[in-house]
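Engineer: Starting off with a structure, shown below.
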Amino acid sequence: MIFDHKKYPTLSLIKTVQKLRCLPLEILTILCAELRQYLLNSVSHSSGHLASGLGVIELTVALHYVYNTPFDYLIWDVGHQAYPHKILTGRRDLINTIRQKNGLHSFPCRDESEYDVLTVGHSSTSISAGIGIAITEKYDNKGRHIVCIIGDGAITAGMAFEAMNHAGDIKPNILVVLNDNEMSISKNVGAINNRLAQILSGRTYLRFREGSKKVLTNIPPIKNIFKRTEKYLKSIAVPGLLFEELGFNYIGPINGHDVLTLINTLKNMRKLKGPQFLHVITKKGKGYDPAEKDPVTWHAVPKFDPISGILPKHLKSLPSYSKIFGDWLCEMASQDSKLIAITPAMSEGSGMVDFSREYPNQYFDVAIAEQHAVTFASGIAIGGYRPIVAIYSTFLQRAYDQLIHDVAIQKLPVMFAIDRGGIVGADGQTHQGAFDISFLRCIPNMVIMTPSDENECRQMLYTGYQYMEGPTAVRYPRGSGIGIPLTSLKTINIGEGIIKRKGKKIAILNFGTLLIEAINVAEVLNSTLADMRFVKPLDESLILQLANNHEFLITLEEGSIKGGAGSGVNEFVMIKKLKIPVLNIGLPDEFIPQGEQNEIRREYKLDAKGIQEQIYEWLCA
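In this text, residue positions in the sequence shown follow this note's numbering: the first is 792, and each later residue adds one.
Listed below in structure tokens is the structure:
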């Protein structure tokens, strides 16, 4: 998609933010309208995150207008809302490549632009990083401003509150802007609040406030009256006493779609010292009616026709692994009222929407709080119920200590349904599920299962649910099954693999859904193929059998080779002093970039052709 200068005459002037700051104020409303339309048209052609970006157009323009970026630092949290930021900071003509192989990243990325201060993808990290940067600025005294823009979902995470608590203690010069697009904190938005925000952030008021403190220090009763009056004035229209108690000067809430009010308020706040907090109310999907009405559906979208406002319907295809899990969850809940399902803000993605409606009393969405989710599950297990934590592989990383300390050490029967294991695709390096096998495998008392198809996934979920001796994990990928018929539920013997094909010389030990690729390779090479099914405990007797009857062992997994399932096979081979070469095939020791799943598999030689090539190269070396 080529940028149309005639269609966007004002935006065409803004190749960099330096040009933005040269525009007169009265032009900015026009610029915002063009930027919103350009974002809509671009995402409709490329796919990507839409509703969040539409909601922060005016805020993004105001921030870059007031602050001297890239010298001043803007830290976006989470990066879904950063598309307008990318457009204004020299990436306008590349925005249609976002989330594609070798294209722009889905989120801010330090390797992509000097305007991207923090590489992000997971939420709630901005304030901690911002405080750290603010401390270095205090030492260097360069005059740099640090602004963290955080969403109303991200700010609910414990990490954000830990950071704000620290900021209240050490008093860094930092501004936290809360992008509240759900009105979840306050509905007090309007002219009075906008005006009050400008008054409370203004220099005259601040001088009066500080001067009064000095004058009234020696008159305690009057000083106390002044404090109570100020607190009461704020409490009339301000829901931010929590942030005040954390040590921030709270301003707002203000209309996040009034660019001039935003600019005036930000100019005032730029002059203030210490921790500042600006509460901005926006509407997710602003300016595009379908997205305003259904911001969840329009959060991330495929290519679509922006005129009709209708997203393309998915052709009836094979069920996704998320749906397989969701259906299994409903089936089990119908049989067991002690089943409790837990998700950290991933209900839709994890396939739990139907379950949440049918079994609301057995469902808990704990918000962006992975640590809490896992320890909460431990409490459920201690209470005699059966917790299932549905979580993406990449987000389970955030609760590693809780997994060890609160679940595994106590041998609690918590089951983890780990979605998005392996290559995830367009969201890139922050979201690939590369590490779960490696970081789970070293934890004592864990049982780890890797289904090779949708039916095996169901059986493993059932097996994990029935297992009462400790925690279990079933790890499955993003995407659809392969069309295997679903059979009635029955448990699988723990730690037992199966032979799928008998061959000669080479034995392929497969872990997970690359089995379908391995079948093709085994046919060509006349290899034995084993579906190992369990990463932990390994089927050691099967490995011994294969090692004794073959000349080479090949392990295959869609996860990190370092510490992965193949490493477990290597360890066993060495302990048993087996004299057989082993080749580990999986993801290399690097962060996996964005792209379509099949593109990445081809690039890393995890399709049938690539696996075969890797084996040939190794045998011939």
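Idealized CB from N, CA, C, for every residue including glycine.
As the structure is a computational prediction, the values presented were derived from the model and not from experiment.
Check residue 891 in the structure and name its three-state DSSP category.
Structural biologist: Within the sequence shown, numbered from 1, the residue matching residue 891 stands at position 100. Of the three classes helix, strand and coil, the one that applies to residue 891 here is coil, per DSSP.
Engineer: Assuming residue 1271 and residue 1141 form a contact by the criterion Cβ under 8 angstroms, report the distance between their Cβ atoms to the nearest whole angstrom.
Structural biologist: Within the sequence shown, numbered from 1, the residue matching residue 1271 stands at position 480. Within the sequence shown, numbered from 1, the residue matching residue 1141 stands at position 350. About 15 angstroms; that fails the 8 angstroms criterion.
Engineer: Less than 8 angstroms between the C-beta atoms of residue 826 and residue 834, yes or no?
Structural biologist: Residue numbering aside, residue 826 sits at position 35 when the sequence shown is read from its first letter. Residue numbering aside, residue 834 sits at position 43 when the sequence shown is read from its first letter. Cβ distance not < 8 angstroms, so residue 826 and residue 834 don't count as in contact.
Engineer: Please state whether DSSP places residue 841 in a helix, a strand or coil.
Structural biologist: For the purposes of this step, residue 841 is taken as the residue at position 50 of the sequence shown. Here residue 841 sits in coil by DSSP.
Engineer: Among residues of its own chain, excluding the 5 on either side of residue 1081, which ones have a beta-carbon nearer than 7 angstroms to its beta-carbon?
Structural biologist: Numbered from 1 along the sequence shown, position 290 holds the residue referred to as residue 1081. The residues are 1089, 1100.
Engineer: Please report the Cβ distance between residue 1338 and residue 1369, rounded to the nearest whole angstrom; I am assuming they are in contact, meaning their Cβ atoms lie under 8 angstroms.
Structural biologist: On the sequence shown, residue 1338 is found 547 positions in, with the first residue counted as 1. On the sequence shown, residue 1369 is found 578 positions in, with the first residue counted as 1. Sure, about 5 angstroms apart at Cβ, within 8 angstroms.
Engineer: For the region 1349-1366 against the region 1283-1292, are there 3 or more C-beta pairs whose distance is under 8 angstroms?
Structural biologist: Flag = no, the region 1349-1366 and the region 1283-1292 do not touch.
Engineer: Would you kindly work out how many angstroms separate the C-alpha atoms of residue 959 and residue 1216, rounded to a whole number?
Structural biologist: In the sequence shown, the residue the question calls residue 959 occupies position 168. In the sequence shown, the residue the question calls residue 1216 occupies position 425. Near 39 angstroms, if we compare the C-alpha coordinates of residue 1216 and residue 959.
Engineer: Looking only at its chain, what residues have a beta carbon closer than 8 angstroms to the beta carbon of residue 961, apart from the 5 residues adjacent to it on each side?
Structural biologist: Stepping through the sequence shown from its first residue, residue 961 is reached at position 170. Answer for residue 961: 922, 926, listed in chain order.
Engineer: Rounded to whole angstroms, what is the Cα-Cα separation between residue 1188 and residue 865?
Structural biologist: Position 397 of the sequence shown holds residue 1188. Position 74 of the sequence shown holds residue 865. Cα-Cα distance, rounded: 26 angstroms.
Engineer: Helix or strand or just coil, what does DSSP make of residue 1336?
Structural biologist: On the sequence shown, residue 1336 is found 545 positions in, with the first residue counted as 1. Note: residue 1336 maps to helix in three-state DSSP.
Engineer: Answer with buried or exposed for residue 1126, where buried requires no fewer than 16 other C-beta atoms within 10 angstroms of its C-beta.
Structural biologist: The sequence position of residue 1126 within the sequence shown is 335, counting from 1. Exposed is the call here.
Engineer: Between the region 1054-1064 and the region 793-811, do at least 3 Cβ pairs fall closer than 8 angstroms?
Structural biologist: These segments do not touch.
Engineer: Helix, strand or coil for residue 916 per DSSP?
Structural biologist: Start at 1 with the first residue of the sequence shown, and residue 916 comes out as number 125. Coil at residue 916, not helix or strand.
Engineer: Under DSSP, the alpha helix (DSSP H) around residue 1297 begins and ends at which residues?
Structural biologist: The residue labelled residue 1297 in the question sits at position 506 within the sequence shown. Unbroken run through residue 1297 is the beta strand (DSSP E), 1297-1302; no alpha helix (DSSP H).
Engineer: Let's see if you can read the secondary structure: which residues bound the beta strand (DSSP E) around residue 1255?
Structural biologist: Taking the first residue of the sequence shown as 1, we reach residue 1255 at position 464. Premise fails: residue 1255 lies in the alpha helix (DSSP H), 1245-1257, not in any beta strand (DSSP E).
Engineer: Kindly identify the DSSP beta-bridge partner or partners of residue 1066.
Structural biologist: The residue you call residue 1066 lines up with position 275 of the sequence shown. For residue 1066, which the question treats as bridged, DSSP gives the partners 965.
Engineer: So residue 1322 and residue 1289 are in contact, right, with Cβ under 8 angstroms, and what is the actual spacing, rounded?
Structural biologist: Your numbering for residue 1322 matches position 531 in the sequence shown. Your numbering for residue 1289 matches position 498 in the sequence shown. The Cβ separation is near 5 angstroms, so the contact holds.
Engineer: Where does the unbroken beta strand (DSSP E) through residue 1313 begin, and where does it stop?
Structural biologist: Stepping through the sequence shown from its first residue, residue 1313 is reached at position 522. Careful: residue 1313 lies outside any beta strand (DSSP E), inside the alpha helix (DSSP H) at 1306-1316.
Engineer: CB-CB under 6 angstroms to residue 1239, same chain, minus the five flanking residues each way: which ones, in chain order?
Structural biologist: Taking the first residue of the sequence shown as 1, we reach residue 1239 at position 448. Cβ within range, chain order: 1231, 1264, 1326, 1327.
Engineer: Can you list, in chain order, the residues of its chain with a C-beta nearer than 6 angstroms to that of residue 894? Leave out the 5 residues immediately preceding and following it.
Structural biologist: Taking the sequence shown and counting its residues from 1, the one referred to as residue 894 is at position 103. Around residue 894: 888.
Engineer: Evaluate residue 934 with the Cβ neighbour count: other Cβ atoms within 10 Å of its Cβ, from every protein chain shown; 16 or more gives buried, anything less gives exposed.
Structural biologist: Residue 934 sits at position 143 when you count from the first residue of the sequence shown. It is exposed - the Cβ of residue 934 has fewer than 16 other Cβ atoms within 10 Å.
Engineer: Whose C-alpha, out of 1336, 852, 1332, 1343, is nearest the C-alpha of residue 1316?
Structural biologist: Translated into positions along the sequence shown, residue 1316 becomes position 525. Measuring from the Cα of residue 1316, the nearest candidate turns out to be 1343.
Engineer: Could you name the residues that DSSP lists as bridge partners for residue 1239?
Structural biologist: Start at 1 with the first residue of the sequence shown, and residue 1239 comes out as number 448. 1264, 1327.
Engineer: Would you mind sorting residue 1105 into buried or exposed? The rule is 16 or more other CB atoms within 10 Å of its CB.
Structural biologist: As a first step, residue 1105 is located in the sequence shown; it is residue number 314 there, counting from the start. That one is exposed.
Engineer: Within 10 angstroms of the Cβ of residue 844, are there 16 or more other Cβ atoms? Answer buried if so, exposed if not.
Structural biologist: For this step, residue 844 is matched to residue 53 along the sequence shown. When all chains shown are included, residue 844 counts as buried.
Engineer: Are residue 1267 and residue 1242 touching if we call contact CB-CB under 8 angstroms?
Structural biologist: Position 476 of the sequence shown holds residue 1267. Position 451 of the sequence shown holds residue 1242. Yes.
Engineer: Should residue 1300 and residue 1310 be called a contact, given that it needs their Cβ atoms to be closer than 8 angstroms?
Structural biologist: By one-based count along the sequence shown, residue 1300 stands at place 509. By one-based count along the sequence shown, residue 1310 stands at place 519. Cβ atoms of residue 1300 and residue 1310: not closer than 8 angstroms.
Engineer: Just to confirm the assignment: which complete beta strand (DSSP E) runs, minimum length 3, are found wholly within the region 1364-1398?
Structural biologist: Listed in chain order, they are 1373-1378.
Engineer: For residue 1296, collect the residues of the same chain with a Cβ closer than 7 angstroms to its Cβ; drop the 5 residues on either side in sequence, then sort them by chain order.
Structural biologist: Translated into the one-based positions of the sequence shown, residue 1296 becomes position 505. Cβ neighbours of residue 1296 beyond the five flanking positions: 1341, 1342, 1343.
Engineer: Could you tell me which of 1382, 1079, 1332, 822 sits nearest to residue 1363, measuring between CA atoms?
Structural biologist: On the sequence shown, position 572 is the one that residue 1363 refers to. Ranking the options by Cα distance to residue 1363, first place goes to 1332.
Engineer: Where are the alpha helix (DSSP H) runs, 4 residues long or more, that stay fully inside the region 1188-1245, in chain order?
Structural biologist: DSSP runs (the alpha helix (DSSP H)) wholly in the region 1188-1245: 1227-1232.
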